[in-house]
Amino acid sequence: MAEMSYAEAIRDGLATALRLDPSVICYGLGVTDPKGVFGTTLGLEAEFGSDRVFDMPTAENAMTGIAIGAALGGLRPVLTHQRLDFALLSMDQIVNNAAKWRFMFGGSASAPLVIRMILGRGWGQGPTHSQNLHAWFAHIPGLKVVMPTRPADAKGLLLSAIFGQDPVIFLEQRWLHNARGETPQGDYRVPIGPSAQLHSGDDLTVVSSGYLSIEALHAAQFLAANGVGCDLIDLRSLRPLDLPAIRASLVRTGRLLVLDSGFATGGIAGEILAWASETAFSALKVAPARLTAPDAPEATSPALTEAYHVRAEHIAARAAQMLGVTLDVEPLVSRRRFAHDTPGDWFKGPF
Amino acid sequence: MAEMSYAEAIRDGLATALRLDPSVICYGLGVTDPKGVFGTTLGLEAEFGSDRVFDMPTAENAMTGIAIGAALGGLRPVLTHQRLDFALLSMDQIVNNAAKWRFMFGGSASAPLVIRMILGRGWGQGPTHSQNLHAWFAHIPGLKVVMPTRPADAKGLLLSAIFGQDPVIFLEQRWLHNARGETPQGDYRVPIGPSAQLHSGDDLTVVSSGYLSIEALHAAQFLAANGVGCDLIDLRSLRPLDLPAIRASLVRTGRLLVLDSGFATGGIAGEILAWASETAFSALKVAPARLTAPDAPEATSPALTEAYHVRAEHIAARAAQMLGVTLDVEPLVSRRRFAHDTPGDWFKGPF
Amino acid sequence: MAELDLLTSMKRIRAVEERIALRYGEQKMRCPTHLSIGQEAVAAGVCAALTAADLAVSGHRAHAHYLAKGGSMRALVAELYGKVDGCCRGKGGSMHLTDRAAGFVGSTAIVGGTIPVGVGLALALKQQRSDAVSVVFLGDAATETGVFYESVNFAVLKTLPVLFVCENNLYSVYSPLSVRQPPGREIHRVAQALGLSAQSGDGNDALAVAGLASGAVSAIRNGAGPQFLEFSTYRWREHCGPNYDNDIGYRTEAEFEAWRACDPIPKLEALLDAVRIETLNAKVEQEVDDAFAFAEMSAFPPEFEAFTDLTSDVSGAAHG
Amino acid sequence: MAELDLLTSMKRIRAVEERIALRYGEQKMRCPTHLSIGQEAVAAGVCAALTAADLAVSGHRAHAHYLAKGGSMRALVAELYGKVDGCCRGKGGSMHLTDRAAGFVGSTAIVGGTIPVGVGLALALKQQRSDAVSVVFLGDAATETGVFYESVNFAVLKTLPVLFVCENNLYSVYSPLSVRQPPGREIHRVAQALGLSAQSGDGNDALAVAGLASGAVSAIRNGAGPQFLEFSTYRWREHCGPNYDNDIGYRTEAEFEAWRACDPIPKLEALLDAVRIETLNAKVEQEVDDAFAFAEMSAFPPEFEAFTDLTSDVSGAAHG
Ligand SMILES: Cc1ncc(C[n+]2csc(CCOP(=O)(O)OP(=O)(O)O)c2C)c(N)n1
Ligand SMILES: Cc1ncc(C[n+]2csc(CCOP(=O)(O)OP(=O)(O)O)c2C)c(N)n1
Ligand SMILES: [Mg+2]
Ligand SMILES: [Mg+2]
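Protein chains in written order, with the numbering used here: chain A, 1 to 351; chain B, 1 to 351; chain C, 1 to 320; chain D, 1 to 320.
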């Protein structure tokens, strides 16, 4: 175990994979530059050579197809996009080739590759540097989609993704890169699928993923201090979804609140609500609820992001409402010590 | 009024628009070829000239951006893709530019354009010529998404789309092109948003769209003959969704069954179930349900498509189950007179 | 003997595709099917320069490439019939062919979609210090796609062992080059400007194709980096399906006849003696008979296979 | 007088960007910001050949193009401050600039994203029989994107009135050309092979740029079809943000100093008398003072505007 940041954990996962298996390669815009993709690839080229760790042209679609070909040829590629938004250029290769290769060739081959995508937020990222489009990937048969919250999970899921047999979309929220946590050393793997339970309680099931799980944890702790007990299920994987864990909690609590950093309509939160109402209807004591990003892109001005994001106070307030208890959530707001459009004091821009 | 096929209705809508407004242009692969995109563009080049109606290079991404630029420059472009699957190459332009232009430039301009996408099915279309990815578009703020079922709606929604102020994704299921119906002549418009009610009944609310509405109509009529009354709501628009109409029906029937030709997980059916359970929980007498495509691509072999699609018998059976009545749905199967992987006897391939 | 091998390769393609055309109307091959009749020389000539260790990818019109590369004819026909013995167990159909033993990695149905895949295979070959090459078969329309340029740029940048083979048959579906590319465009010259070594040749002359291909493949094996070959040729039948369509208006009967006069098969037959050709014809017809009999006899895949092969551990279920 | 206009244009860009750099640390301009300092001559020279009826689009590094094309400085600075008087009412930030009155249609943040938009504008101009041209500003990395090639092909095919202006500043973020494009690549030669009339020039010489641009624009107005100009130039400060970063390792101080010696501003100042320059400096400083004062004074947009301008008839609401 070592205490490290989420970015360091990813770097550690990449280095571990590169060390374990010469077929692992790692590329993407800026992977070898002095910033090393927010620190996640720093020093890898020096250690593993520029045949295995390299920069690339601005050509997201072809570079995805190249990863697919490389995977079919026996390599284990990790492609990194500094923003998910840029990967929209590669949806054809991701969906028509990577996701379907195994199926459309009758199981005779598959394209095991990892596509890291970083999701921006706040500080002027604006409409095309902040999209949380994980619901898109989660809609596609043949893909696996993970969105780790904690450094250990980031490392462990990354190693499982790299050494698995499937194309995996690996989603990293920018606001998590500096979050710190105990992380196992060496070849540590977290299976893709099972969720993690971050908090326990019998009154309400909160389902969350990524950075929102941190907000949710604040809310759950605050609620606990106020006599309300929440299960907090951190999904880790958005495809497949750990529906058994949600069901087990829901039959106990009877109340379901799902959080989602993506757009409201057609998001993953909706999918979970739909599934719950369809398959666990009788367990529901009250209407299930979701808190998601609004149905609008994130604007650039800090004046326009304040009301945009779901934060701990909204979660606590909604939980209280679902339980019919009155609760002043103001302490959750006033204890926050940094600007609303940054993940912490350390962040000063420019991106 | 004139009786015409869905394809003819679209052609009529395009011709009407081209006639009404010299700024309308119409292009896409094969738009001017002898087949005229399943007949939907036949003769338009001859009537309106090759400056306004033209073929294009195989370059879906740029040709979408070019439509955006043309729209910003004052034209009203209609871009056609013979399969939705090809449009995956243009998600960057659709999502990062078309959908966001109005928002990210503070409302100072917008890109009114129509992107027609044809959705294949059956007869060996296979994994990359049959995708019903409407949920993707419906997830994106800034887009409108329509999926008409009847010829009149196809024409009327197309004209509204062309002369509106927004980017519209216009989805045509290949299996509907030969469906016939009474269609108003001239500049007939159907507003984008409101659904259409295709059948009425007080026991169950069935929500559907596109070709599935035809299967649903068979089911509803069969159910009616067997004493079960269904409201059948044909959405027409998938973004925005006509939630008021669904609510009005649901509070009356207390039972909700949503059909969706898209993949199960993260689809539009799930969104409607989520919304209903969240906002109309107390109206629900039984668990809401959905019937969707499975979480798998459509395979090529006819042996693998038989169990893939939702058909009238599945809808009727599920409806009966939700009502706790026993019903033999076999007549819905045995009355069908053509191969399961074709929309009718007229279809002999090759695509 | 090179001529006989080339002729055999072309005749196998021609014969199986003529049979497909003949029997397509039976409605048992239920998938969109793009025939290569008229274009066989490119596939045959290029693959003559390859070994089974070399890799290849292609697009929607792939029967010829798959067969010439050594793909199983039985598995091809069974795939068209949607049978479990098809090369994709019936999941892919005509546009998705694969035979890894033969080095035919795969063809897919999205124009341009396998171009980067072929480049990625070349990247893997280079990393593995293999001396095999990766071949990307593409049509003239595929050179209009952005992914072609992106892929070529990377191949040149990294000096990858990849051979791009462009069959310029003048049309994309029913669209002539004139509505898609500027007048005077020479595709191989564009390729050259991107940094590829590029040449063009007569795509209806199998020996000429083989000559250019073996030169290009040797150059690649010698580390000269990616190469591009453009071959002019012509598809005889409709874009998709079994029929002739010179009557529907997008091209002329005269143009077709001029190209038919350049049929690559008689050109090569003229160099061989009649007896050998007779023997060959009989052998090929028998192989085709066998492949169709095999396909007809093969079972359909079980229904549940519609929901398998999604990921390494998940099967779906009908009607979510 | 052409020199004075060019100098004015460059100085306005330089001055406002130097002020942005100076004040960026205050954390009031809270958005990623890409400065053009060092590259002003291209924007100034090209826009000198245009009128307000001509249209332009650009990418992430767009301040210079927006200002040179006539965009409002106040609206630019207010946009960086996220204020309601910004050119996008605070929704877009530095990477999204628009001033339709000036013919600056828009800049966006996805590399290559506005290239087809500019071509589409040219299509509209041609349909409307306008004699205006559409200008697409792009960087060297944008010529690696597939959409560039697709867009150029269509522009050439349809003889559209579009001028592509490529600022080759040797880098994409911290990545030199060597890791992105093959050695010896000359971007304008690739453009030429695609069918564009293409030239290259010194991007740090505003008069030279203006000369090439006015030739290209006249050719377009005379129906010669799309043109491509490549200008070599250099960005002085970090890719994104206000600082110098020659110390972090991706480029050398010596390289930077060599390019700084080619500063386009003194080159032009040398042709003008000192008094005029003094007057100009004062005027420009005052305009910058005014723009910042305006931005500081401007209000933030009301919170509900985070959820407006989605479609013509829909506003969203917070927390779906
Ligand atoms: C991205 C994409 N756009 C459109 C199509 C439809 N389509 C199928 S084949 C084809 C023609 C391709 O022409 P070419 O590359 O010259 O190959 P050919 O058919 O002539 O062998 C087209 C446009 C497709 N499959 N994929
Ligand atoms: C599609 C896409 N990929 C990656 C990025 C990240 N990115 C932002 S600016 C930039 C560099 C572009 O370089 P160039 O076009 O040469 O312009 P310059 O910054 O040198 O002016 C990159 C790669 C992006 N915005 N869009
Ligand atoms: Mg062709
Ligand atoms: Mg640059």
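Positions of the beta carbon are idealized from the N, C-alpha and C atoms, including for glycine.
Being a predicted model, the structure only gives us computed values, none of them experimental.
Original post:
Would you say A64/D touches ligand 4, meaning its beta carbon is less than 7 Å from a heavy atom?
Top reply: no
Subject >> Entirely enclosed alpha helix (DSSP H) segments - the stretch 25-60 of chain D, minimum 4 residues >> reply: 40-48
Original post:
Do Q82/A and ligand 2 come close, with the Cβ less than 7 Å from some heavy atom?
Top reply: yes
Original post:
Between R100/D and chain B, is there a C-beta pair that is closer than 8 Å?
Top reply: yes
**OP:** Determine the chain A residues that contact F307/D at a beta-carbon separation under 7 Å, and present them in chain order.
**Re:** Chain A residues near F307/D: P294 and A296.
Original post:
Secondary structure at I94/A, three-state DSSP: helix, strand or coil?
Top reply: Three-state DSSP puts I94/A in a helix.
Original post:
Would G195/C count as contacting chain D if we go by Cβ distances under 8 Å?
Top reply: yes
Subject >> Local conformation of F149/C per DSSP, three classes >> reply: Position check: residue 149/C holds Tyr in this sequence, whereas Phe was assumed. Y149/C: helix per DSSP, three-state reduction.
Original post:
Is it buried or exposed for R336/B, if we count other Cβ within 10 angstroms and need 16 for buried?
Top reply: With a 10 Å radius around the Cβ and a threshold of 16 neighbouring Cβ atoms, R336/B comes out exposed.
Subject >> According to DSSP, residues forming a beta bridge with C87/D >> reply: Within the DSSP secondary-structure output, C87/D pairs in no beta bridge.
Subject >> Chain-ordered chain A contacts of I265/C [CB-CB under 8 Å] >> reply: Residues of chain A passing the Cβ test: none, with the nearest at roughly 31 Å.
Original post:
Any contact of the stretch 26-35 of chain A with the stretch 64-79 of chain A, i.e. 3+ C-beta pairs under 8 Å?
Top reply: yes
Original post:
Between which two residues does the beta strand (DSSP E) containing Y27/B stretch?
Top reply: V24 to G28
**OP:** Give the straight-line distance between the Cα atoms of M73/D and S107/D, rounded to the nearest whole angstrom.
**Re:** 15 Å
Subject >> Delimiting residues of the alpha helix (DSSP H) encompassing I214/B >> reply: Y211 to A225
Original post:
At what residues does the beta strand (DSSP E) containing H177/A begin and finish?
Top reply: No beta strand (DSSP E) contains H177/A, which DSSP labels as neither H nor E.
**OP:** Return the CA-CA distance between V325/B and D231/B, expressed in angstroms with no decimal places.
**Re:** 17 Å
Original post:
Going by beta carbon distance, what residues of the same chain come within less than 6 Å of F48/A, once the five residues before and after it are set aside?
Top reply: Taken in chain order, the residues that qualify are L18.
Subject >> CA-to-CA distance, D92/B to V111/D, given in whole angstroms >> reply: 11 Å
Subject >> In chain order, each alpha helix (DSSP H) run of at least 4 residues that lies wholly inside the stretch 71-141 of chain C >> reply: Complete alpha helix (DSSP H) runs here, min 4: 73-80 and 115-127.
Subject >> Contact with chain A by H398/B, beta-carbon distance below 8 Å >> reply: Summary: the structure shown does not reach residue 398/B, with chain B confined to residues 1 through 351, and so no result is reported for it.
Original post:
Would you say F38/A and L310/C are within 8 Å of each other, going by their C-beta atoms?
Top reply: Not in contact: F38/A and L310/C (Cβ atoms no closer than 8 Å).
**OP:** Write down the C-beta distance between P7/A and H177/A rounded to the nearest angstrom, noting that I regard them as a contact closer than 8 Å.
**Re:** Sequence check: residue 7/A is Ala here, not Pro. Confirmed, Cβ separation roughly 4 Å.
Subject >> Cβ shell of V42/C (< 7 Å), same chain only, five flanking positions each side left out >> reply: V165, E167, G203, V209, F231 and T233
Original post:
What's the C-alpha gap between G45/C and I265/C?
Top reply: 12 Å
Original post:
Using a Cβ-Cβ cut-off of 7 Å (strictly less than) and excluding sequence neighbours within five positions of L243/A, which residues of its own chain qualify?
Top reply: W275
Subject >> R239/B: first and last residue of the uninterrupted beta strand (DSSP E) it sits in >> reply: S237 to R239
**OP:** Closer than 7 Å by beta-carbon distance: list the chain A residues that pair up with L207/D, in chain order.
**Re:** Simply none; closest approach about 31 Å.
Original post:
Quick one: is S160/B near chain D, going by C-beta distance under 8 Å?
Top reply: no
**OP:** Can you have a look at M1/B and say buried or exposed, based on whether 16 or more other CB atoms are within 10 angstroms of its CB?
**Re:** exposed
**OP:** Thinking L20/A and S277/B are a contact (beta carbons under 8 Å), I'd like their distance in whole angstroms, please.
**Re:** Not really, about 46 Å apart at Cβ, beyond 8 Å.
Subject >> Within-8 Å CB hit, V207/B to chain A >> reply: no
Original post:
Are the beta-carbon atoms belonging to R30/D and G349/A less than 8 Å from one another?
Top reply: Contact: yes.
Original post:
Taking 7 Å as the cut-off, does the CB of A141/C come closer than this to any heavy atom belonging to ligand 5?
Top reply: Looking for ligand 5 in the displayed structure turns up nothing; the ligands present are ligand 1, ligand 2, ligand 3 and ligand 4.
Original post:
Based on Cα-Cα distance, which residue from A21/D, H34/D, E40/D and I20/D lies nearest to M10/D?
Top reply: E40/D
Subject >> Outcome for R129/D when other beta-carbon atoms lying within 10 angstroms are tallied against a minimum of 16 >> reply: exposed
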